[in-house]
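Chains as they are written, first to last, in the numbering used here: chain H, 3 to 346; chain V, 3 to 346.
Number of protein chains: 2
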Amino acid sequence: MAERTEISTLGEFGLIEHLTRNIELQNASSILGVGDDAAIIDHFGKQTVITTDLLLEGVHFDLAYTPLKHLGYKAVVVNISDIYAMNAIPTQITVSMGMSNRFSVEALEELYEGIFAACRKYEVDLVGGDTSSSQKGLIISVTAIGEVSPDKYVRRSTAKKGDLICCSGDLGAAYLGLVFLEREKRIFLESPQVKPDLEGEKYVIGRLLKPEARKDIIEFFGDAELVPTAMMDISDGLSSEILHICKQSGLGCVLYEEKIPIAEDTRSAAFKFELDPTACALSGGEDYELLFTVAQPDHEKLVLNEQISILGYLGEAEKGKKIITKGGNTFDITAQGWNAFEQT
Amino acid sequence: MAERTEISTLGEFGLIEHLTRNIELQNASSILGVGDDAAIIDHFGKQTVITTDLLLEGVHFDLAYTPLKHLGYKAVVVNISDIYAMNAIPTQITVSMGMSNRFSVEALEELYEGIFAACRKYEVDLVGGDTSSSQKGLIISVTAIGEVSPDKYVRRSTAKKGDLICCSGDLGAAYLGLVFLEREKRIFLESPQVKPDLEGEKYVIGRLLKPEARKDIIEFFGDAELVPTAMMDISDGLSSEILHICKQSGLGCVLYEEKIPIAEDTRSAAFKFELDPTACALSGGEDYELLFTVAQPDHEKLVLNEQISILGYLGEAEKGKKIITKGGNTFDITAQGWNAFEQT
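1. In chain order, what residues of the same chain lie with their CB nearer than 6 Å to the CB of V:A91, ignoring the 5 residues before and after it?
2. Taking only beta-carbon positions, decide if V:G60 is within less than 8 Å of chain B.
3. Going by DSSP, what residue range makes up the alpha helix (DSSP H) through V:P279?
4. Based on DSSP bridge pairs, tell me the residues matched to H:A146.
5. Counting along the chain, where does the alpha helix (DSSP H) carrying V:E347 start and finish?
6. Measure the C-alpha to C-alpha separation of V:G174 and V:I207 and round it to an integer number of angstroms.
7. Short of 9 Å Cβ to Cβ, which residues in the stretch 121 to 141 of chain H face chain V?
8. Let me check understanding here. Comparing Cα to Cα, which of H:P299, H:G286, H:E260, H:K274 lies closest to H:G329?
9. Is V:V196 buried or exposed, if buried means 16 or more other CB atoms sit within 10 Å of its CB?
10. Check each candidate in V:A30, V:M234, V:A146, V:P279 and name the one with the smallest Cα separation from H:G131.
11. Ignore the nearest five residues each way along the sequence and tell me which others in H:A161's own chain have a CB closer than 7 Å to its CB.
12. Pull up the DSSP beta-bridge partners for V:M234, would you.
13. Please list, in chain order, the chain V residues whose beta carbon lies closer than 9 Å to that of H:A281.
14. In the DSSP assignment, what are the bridge partners of H:T2?
15. Just to check my reading of the structure: V:I244 and V:I335 have Cβ atoms closer than 8 Å, yes? What is that Cβ distance to the nearest angstrom?
16. Based on Cα-Cα distance, which residue from V:C169, V:G139, V:P69 lies nearest to V:F223?
17. Report the neighbours of V:N29 on chain H: residues whose CB is nearer than 8 Å to its CB, in chain order.
18. Using a C-beta cutoff of 8 Å, does H:Y114 count as contacting chain V?
19. Restricting to Cα atoms, I'd like to know which of V:S102, V:T53, V:K321, V:G13 is closest to H:S143.
20. Using three-state DSSP, classify V:L34 as helix, strand or coil.
21. Can the beta-carbon of V:G74 be found less than 8 Å from the beta-carbon of V:I141?
22. Across which residues does DSSP place H:C169 in a beta bridge pair?
23. Which residues does DSSP list as the beta-bridge partners of V:G317?
24. Which residues bound the alpha helix (DSSP H) around H:D350?
25. Buried or exposed: H:F63, going by 16 or more other Cβ atoms within 10 Å of its Cβ?
26. Take V:N331 and list the residues in its own chain whose beta-carbon comes closer than 8 Å to its own, dropping the five residues that flank it on each side.
27. Which stretch, first to last residue, makes up the beta strand (DSSP E) that contains V:D44?
28. Which same chain residues end up closer than 6 Å to V:L210 when comparing Cβ atoms and leaving out the 5 residues on each side of it in sequence?
29. Under 8 Å between C-beta atoms, does V:N89 make it to chain H?
30. Residues bridged to V:K323 by DSSP?
31. In whole angstroms, what is the alpha-carbon distance linking V:E359 and V:D267?
32. Report the rounded CA-to-CA distance for V:C121 versus V:Q298, giving the unit in angstroms.
33. Would the beta-carbon of V:H72 fall within 8 Å of that of V:K212?
34. Once DSSP output is grouped into helix, strand and coil, what is the label at V:T332?
35. Short of 7 Å in beta carbon distance, which residues of its chain neighbour V:A271, apart from the five on each side in sequence? Order them along the chain.
36. Let me see if you follow: with CB-CB separation under 8 Å, is V:T346 close to chain H or not?
See below:
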C-alpha cells in the first residue's frame, strides 16, 4: 500500500519547505525564489518583486460578516503588504477569481469596487487575471508585482546579531476583531432578532476587515536612508514571524512583552473577551504590520517615527528565542499563529 | 430590492469586460493591461509579460481520470502557453494551491513532480506561491512571468486586413480526449469491473491530459525573423479565438474548413463517437496551439515549417466572420467554446 502522510504533520510552512526543497533556479534573472515574502527577478538593473496569495471562502474569510467591497480591498492589500515587506514599491496586480452562481454580477461589482479602491490608494494597476465559475464558494487569487533597486531589497535571512527588532503600528487588533465577529455571528444564528452592537469594537473590526499595508513606513525608510537588515509582514502573528526571521538568519532573539505595541481599543476588547492582549499580538495574525530588524547605529533614525516600536534584539541562536514578561519571567517563543492545516 | 444580474447573462468574457471596463493604468510601466493573453510591464528596455490561470477541481479537471502529476504539468503549461502567445519567453512561475485534507503529502508530491517536470522542460523557475487548506477540492492558481523586447510582443488587436490566419499543430484532439474519458468514467461508475481500453485513444487522451506549449513555434519565429501581426493561444476552441482576434482588431475573416489541421487519430476518435471533427476543432478547446496572423509577404517563410497551417485570411469587419465548408457552403462563425458560466 502506498504511504499516506497527513498534511497536518508538516504544517503549512513545513509543507512548502518539503515540496520546494529541491528547486534549483535555472534562469539568471531569478534572483530570489521561494522562502520570503516575495520573489525577486532581475530586469537589467531594476528588479521585479512578485508575490501571490490565495483567499478561500470559509478558510480565509466568512461572507456572513465580510462585506464584499472590504474583501476585495483586503485581497489586494495583503499582497501589497508582501511587496512592501521586501522594501519594494508595488506597481501592478493580477486578480483571478472563481465564484459559484450564488454570486450576481452586482455582488462581483462590489468586490471589484474594493479591488479598485485599493489600486487607487496604493497606486497599482490591475493588469490581468482569470475568471471562472466554481462549484462552491468564492476563490480569490491575487498576484502583486513591484520594483526595487538591487541594493535596496530586504530579505528575512539577513538579520545580524545585535540588530534591533522593530515593528510598525500596533498588534493583536485584527484577531480580536475576528473573535468579536465570530461571536456576533453565533449570536445572530441563535437569535436573529438581536441587533449587534459594533460601536465599541470599531477599531478591532476595522483592523480585521479593512487592513492597510504600511506604505508610509517604506517611504520613511527611503526618506531616512534607512535599509532594514531583515523584514517581513506580520500576517500570522508576531511569534510566528520573529521565529521565521531567527530561523532564516540563524539567530536567536529576546523580546520584551512591555514593548509590544497594543492599542487601547485592543486592550479593552481583550479585557471584554477575557483574552490576554499579549497573546493576541503574539499569535493573532492578520495585522499586516511590518516586522523588521535594524543595525544598532540606525537607532537614532527610528526615534523620529512614532509609528515604530523597538521590541527587543537578535542574539546568538544557542541562546534561544525568548520573551521577557512584564513580571520579569522568561519564556520560549513558540509559533501559535493560525495553522491552516491544524485538524480541528 | 437590489438588482440581481446572473453571471450567465454576461458569460466569462463579458464578465471580465464588464468588471474591468473603467480601468485606467496609472503606472508608466504598465504597457498592456487586461484583455490579451498576458499583461506587459516595462522594465527599462526589456519588458515583463505576466499571466495567471486558476484551475478548480470539478470545473477544470476531474481527478477521477487526471493523474496528479499530469495535472501539475498542465497547470504550468497552460500559463506558459499564454506567455508564448505574446511572442515572449517564459522565465518564472508562482504556484498557489488550496487543498482539503483528503490530499496526502504524497499526493502533493506527485502534483509537484509534474510542476517541476514542466519547469525543467520549459526552463522556467518556480519562485514563489502560497499554500492553504481548502474546505473542499483542489485549487491551483499559477502565475507565469516572461520576457520580451518591446518591438517583439504580439497582441490580439493588431491584425491587419489581408493578413493570413495560421495555426500550429492540429486541433480538436483534447476535446475528444475529454469525451472519451468522461464516457469511461460513466462506464466505470456503472460497472467497475469493466477495464477501460485506452489503446486506440492514446493520442487524444494525451492531448487532453498532457498538453505542450508551442515553444518550437516561438523559436521558429525568432530564427525566421518573423513577427506575427496578432497572436493568441487556443484554449477555448478555434471559433472563440478567431472571433477574439477579429473583434479586437476590428476585422472580419474567412476560414476554410478543409485547411483546419486535424490529426488522423482525432478523426477516427470523432468517427467512433459520431462527432464532427471540424466541430471539435472549432468549439472543443484545450488544444493550446497558437493561432496567429501574418502579413502576406511573410507567406514564404511559413512554408518552411510543416507544423504551421494557413486557415484563411482577415477581411473587412462588414463582411462578417465566415467559414467556407468543404462542400462550398458559407456559414457564420459563432463562439461555442466552453462557456464556464452556462447554466446546465
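Quick reminder that beta carbons are idealized off the backbone N, C-alpha and C, glycines included.
On a predicted model such as this, the values are computed, not experimentally measured, just so you know.
In brief:
1. This sequence places Ile at residue 91 of chain V; Ala is not what is there. Result list for V:I91: G148, E149, in chain order.
2. This model lacks chain B altogether, as its protein chains are H and V.
3. Run containing V:P279: 279 to 285, per the alpha helix (DSSP H) assignment.
4. H:T53, H:I95
5. In this structure chain V extends from 3 to 346, so residue 347 of chain V is not present and cannot be described.
6. 11 Å
7. Those residues of the stretch 121 to 141 of chain H that come within reach of chain V (Cβ to Cβ, closer than 9 Å) are C121, R122, E125, V126, D127, L128, V129, G130, G131, D132, T133, S134, S135, S136, Q137, K138, G139, I141.
8. H:E260
9. By the 10 Å Cβ count, V:V196 comes out exposed.
10. V:A146
11. Excluding sequence positions up to five before and after H:A161, its CB lies within less than 7 Å of the CB of T231, A232, I247, S251, L253, T295, L316, all in the same chain and listed in chain order.
12. V:L293
13. By Cβ distance, chain V contributes nothing, its closest Cβ being about 23 Å from H:A281, past 9 Å.
14. Since the first and last residues shown for chain H are 3 and 346, residue 2 of chain H lies out of range.
15. 6 Å
16. V:C169
17. T93, Q94, E125, V126, D127
18. Proximity of H:Y114 to chain V, defined by a Cβ-Cβ separation below 8 Å, is satisfied.
19. V:T53
20. strand
21. Cβ atoms of V:G74 and V:I141: not closer than 8 Å.
22. H:L293, H:S311
23. Residue pairing from DSSP places V:G317 in a beta bridge opposite V:G254.
24. This structure leaves residue 350 of chain H out entirely; chain H is present only between 3 and 346.
25. buried
26. none
27. 41 to 45
28. A176, G179, L180
29. no
30. Per DSSP, V:C255.
31. The requested residue 359 of chain V does not occur in the structure, where chain V is confined to residues 3 to 346.
32. Approximately 36 Å, taken between the alpha carbons.
33. yes
34. strand
35. Hits under 7 Å: L178, F182, E203, V206.
36. The predicted position of V:T346 is uncertain, since its pLDDT is 31 and thus under 50; no value can be drawn from it.
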